[in-house]
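This report refers to the structure that appears directly beneath it.
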Amino acid sequence: MKKNTILIVDDDKEMSDILAEILSQEGYKTEWAGTGNEALMNVAKNEFDLMLLDLRLPDINGIEVLKRTIHDFPDIAIVMMSGHGTIQTAIEATRAGAYDWIEKPLEKDRVLLTLKNAIEKNKLLKEKKFLTNEVAESYKMVGTSPAMQQVYQLIEKVAKSDATILITGESGTGKELVARAIQMNSNRAAAPFVQINCAAIPDTLIESELFGHVKGSFTGANRDRKGKFQLADGGTLFLDEIGDLSLQAQAKVLRAIESGDVEKVGSENMERIDIRLIAATNKDLKNMVSKGTFREDLFHRINIIEIYIPPLNKRPSDILPLIEYYLGKTCSKNKIKKKELSPDALAVLINHKWDGNVRELCNFVEKMIILTEQSYITGAHIYRLLYSFPNKMNSINVKTFKEAKESFEQSYLINALIANNWNIARTSKNLKIERSVLYRKIEKYGIQKS
Numbered sequence: 082m083k084k085n086t087i088l089i090v091d092d093d094k095e096m097s098d099i100l101a102e103i104l105s106q107e108g109y110k111t112e113w114a115g116t117g118n119e120a121l122m123n124v125a126k127n128e129f130d131l132m133l134l135d136l137r138l139p140d141i142n143g144i145e146v147l148k149r150t151i152h153d154f155p156d157i158a159i160v161m162m163s164g165h166g167t168i169q170t171a172i173e174a175t176r177a178g179a180y181d182w183i184e185k186p187l188e189k190d191r192v193l194l195t196l197k198n199a200i201e202k203n204k205l206l207k208e209k210k211f212l213t214n215e216v217a218e219s220y221k222m223v224g225t226s227p228a229m230q231q232v233y234q235l236i237e238k239v240a241k242s243d244a245t246i247l248i249t250g251e252s253g254t255g256k257e258l259v260a261r262a263i264q265m266n267s268n269r270a271a272a273p274f275v276q277i278n279c280a281a282i283p284d285t286l287i288e289s290e291l292f293g294h295v296k297g298s299f300t301g302a303n304r305d306r307k308g309k310f311q312l313a314d315g316g317t318l319f320l321d322e323i324g325d326l327s328l329q330a331q332a333k334v335l336r337a338i339e340s341g342d343v344e345k346v347g348s349e350n351m352e353r354i355d356i357r358l359i360a361a362t363n364k365d366l367k368n369m370v371s372k373g374t375f376r377e378d379l380f381h382r383i384n385i386i387e388i389y390i391p392p393l394n395k396r397p398s399d400i401l402p403l404i405e406y407y408l409g410k411t412c413s414k415n416k417i418k419k420k421e422l423s424p425d426a427l428a429v430l431i432n433h434k435w436d437g438n439v440r441e442l443c444n445f446v447e448k449m450i451i452l453t454e455q456s457y458i459t460g461a462h463i464y465r466l467l468y469s470f471p472n473k474m475n476s477i478n479v480k481t482f483k484e485a486k487e488s489f490e491q492s493y494l495i496n497a498l499i500a501n502n503w504n505i506a507r508t509s510k511n512l513k514i515e516r517s518v519l520y521r522k523i524e525k526y527g528i529q530k531s
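Numbering-wise, the working numbering puts 122 at position 41 of the sequence shown, and it's gapless, one number per residue.
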């Protein structure tokens, strides 16, 4: 087990040696610095869990050493000590980031308890920071296109407010990622983020899921249960696919948003809630309003700020960075050495029509990494995975005959070009078509070699 390392900063060498001996007996590893400058050089070169810092030093004031260390090395816990301190100095040190303040002459039990608590608290803070970074990485947004830059700018503008947000876009474009990004950059970042897919819950259960229920309110209600609104109290509630709510559920959601009160199914008591609401849909809510299938008052209430995420096919410049990101992430997750893609493999991926958007691309990259044994993936590998017969049949099921025909033609040409190493003359000869015809087809489908 790794020993915790403590840097003792005090110009009293004799007292520091005694302290080091005591700490060594308790299982700590110690080092000593007699001046503030020595301490700053030490933390720059070595890794410490804690600094035990005297207020009075021969060169730099201890408070100044504290501030510089906290600024440059925030992961080090710092405990101040002094025989000349005042309450005001102790307050200043605490505000500057010190964990605690110990008066001299030092009492062994007090010192050991303070150091133990400081290191444990610091360890928890490091773990929380690590987990926060892990969550942020899990919901990382990738894309450098102008369209995505606009999305990022909007997220930055709206995050700190409590305004209700409506995120729109096709399935798989990353609406949940946008909702998460807003929450993680908001004043409610440390509070709950609760989400519900309205399309996945039957109409008979949606009100119970949203607002909770009391015991005995319906068959199967064996105990009181909180709904998503109550669980999100103080934090953010994400209503995904809000366009799938029934008109009855829409009315209750509207009342909850406007009043800030919710009522459990089977109860007559109102509960006060404080939430930030983010909604998302892949449907045309304006059209639904005109047809009477979505409440106009609810639409205006949730559509205070709209963030539209364009489909992946409308921002092709994002495909390559997304591939690189998911390639690295998938290889790391599966403990596989990072694989490389040949230029023709990238060309196939970039030219493919990703109807399922980022979700489809992400899933395909994972499939590609797991099913392809080679470390260098070529266009032929990609083509076999993308355009296998079952995939093609699934694609045909959701296309018109004209679209299916064009999709097949595009795939056929890409495969032929790959097989002929992108040599136009050889490809046209093997396909028995004029070179000019092949050029027109390449231009029509936007086929290009990366």
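From the three backbone atoms N, C-alpha and C, an ideal C-beta is built for every residue, glycine too.
In angstroms with no decimal places, state the Cα-to-Cα distance between residue i and residue j.
i	j	result
residue 143	residue 221	40 Å
residue 435	residue 499	20 Å
residue 319	residue 356	10 Å
residue 46	residue 188	No information on residue 46 is available, as it lies outside the stretch 82 to 531 that the chain covers here.
residue 427	residue 419	15 Å
residue 404	residue 496	20 Å
residue 474	residue 430	Note that residue 474 scores 43 on pLDDT, short of 50, meaning its location in the model is unreliable and no value can be drawn from it.
residue 527	residue 306	54 Å
residue 88	residue 132	5 Å
residue 93	residue 206	32 Å
residue 459	residue 489	20 Å
residue 476	residue 354	Note that residue 476 scores 46 on pLDDT, short of 50, meaning its location in the model is unreliable; the coordinates nonetheless yield the value given after this. Answer to the nearest angstrom: the Cα atoms are 45 Å apart.
residue 505	residue 516	7 Å
residue 246	residue 387	6 Å
residue 364	residue 284	18 Å
residue 448	residue 233	29 Å
residue 196	residue 138	21 Å
residue 484	residue 522	15 Å
residue 336	residue 292	12 Å
residue 151	residue 107	26 Å
residue 105	residue 114	16 Å
residue 368	residue 361	16 Å
residue 181	residue 155	15 Å
residue 112	residue 175	24 Å
Is it buried or exposed, residue i, if we count other Cβ atoms within 10 angstroms and call 16 or more buried?
i	result
residue 479	With a pLDDT of 47 at residue 479, under the threshold of 50, the predicted position of this residue should be treated as unreliable, though the coordinate-derived value follows. That one is exposed.
residue 529	exposed
residue 296	exposed
residue 120	buried
residue 438	buried
residue 299	exposed
residue 518	exposed
residue 502	exposed
residue 294	buried
residue 422	buried
residue 471	Because the pLDDT of residue 471 is 46, which lies under 50, any placement of that residue in the model is unreliable, and the number read from its coordinates should be weighed accordingly. Counting Cβ neighbours within 10 Å, residue 471 comes out exposed, since fewer than 16 surround it.
residue 301	exposed
residue 80	An answer regarding residue 80 cannot be provided, because it is not within the stretch 82 to 531 covered by the chain.
residue 457	exposed
residue 455	exposed
residue 91	buried
residue 351	exposed
residue 229	buried
residue 509	buried
residue 535	The requested residue 535 is not part of the displayed model; the chain covers only 82 to 531.
residue 261	buried
residue 269	buried
Between the Cα of residue i and those of the options, spot the shortest distance and give me the residue it belongs to.
i	options	result
residue 161	153, 145, 152	145
residue 532	322, 269, 379, 450	This structure cannot speak to residue 532, because the chain is shown only from 82 to 531.
residue 376	223, 408, 334, 201	334
residue 248	523, 466, 322, 130	322
residue 100	415, 191, 359, 267	191
residue 224	486, 390, 466	390
residue 254	171, 406, 310, 396	396
residue 179	208, 185, 371, 135	135
residue 407	385, 441, 382, 384	441
residue 158	443, 85, 200	200
residue 348	288, 382, 401	288
residue 464	486, 443, 433, 444	433
residue 185	167, 177, 172	167
residue 384	486, 244, 344, 417	244
Is the shortest distance between the beta-carbon of residue i and the beta-carbons of chain C less than 9 Å?
i	result
residue 415	This model lacks chain C altogether; it includes just one protein chain.
Okay, do the segment 276 to 295 and the segment 222 to 240 touch, 3+ Cβ pairs below 8 Å being the bar? no
task = Count the CB pairs spanning the segment 322 to 339 and the segment 269 to 276 that are closer than 8 Å, and state whether there are at least three.
result = no
Whole beta strand (DSSP E) runs in the segment 314 to 342 with 3 or more residues, listed along the chain? 317 to 321
| said: As an exercise, report each continuous alpha helix (DSSP H) stretch of at least 4 residues that is fully enclosed by the segment 91 to 159, in chain order. | reply: 94 to 106, 117 to 126, 143 to 153
message: Restricting to runs no shorter than 4 residues, where is the alpha helix (DSSP H) found entirely within the segment 237 to 318?
response: 256 to 265, 284 to 292, 309 to 312
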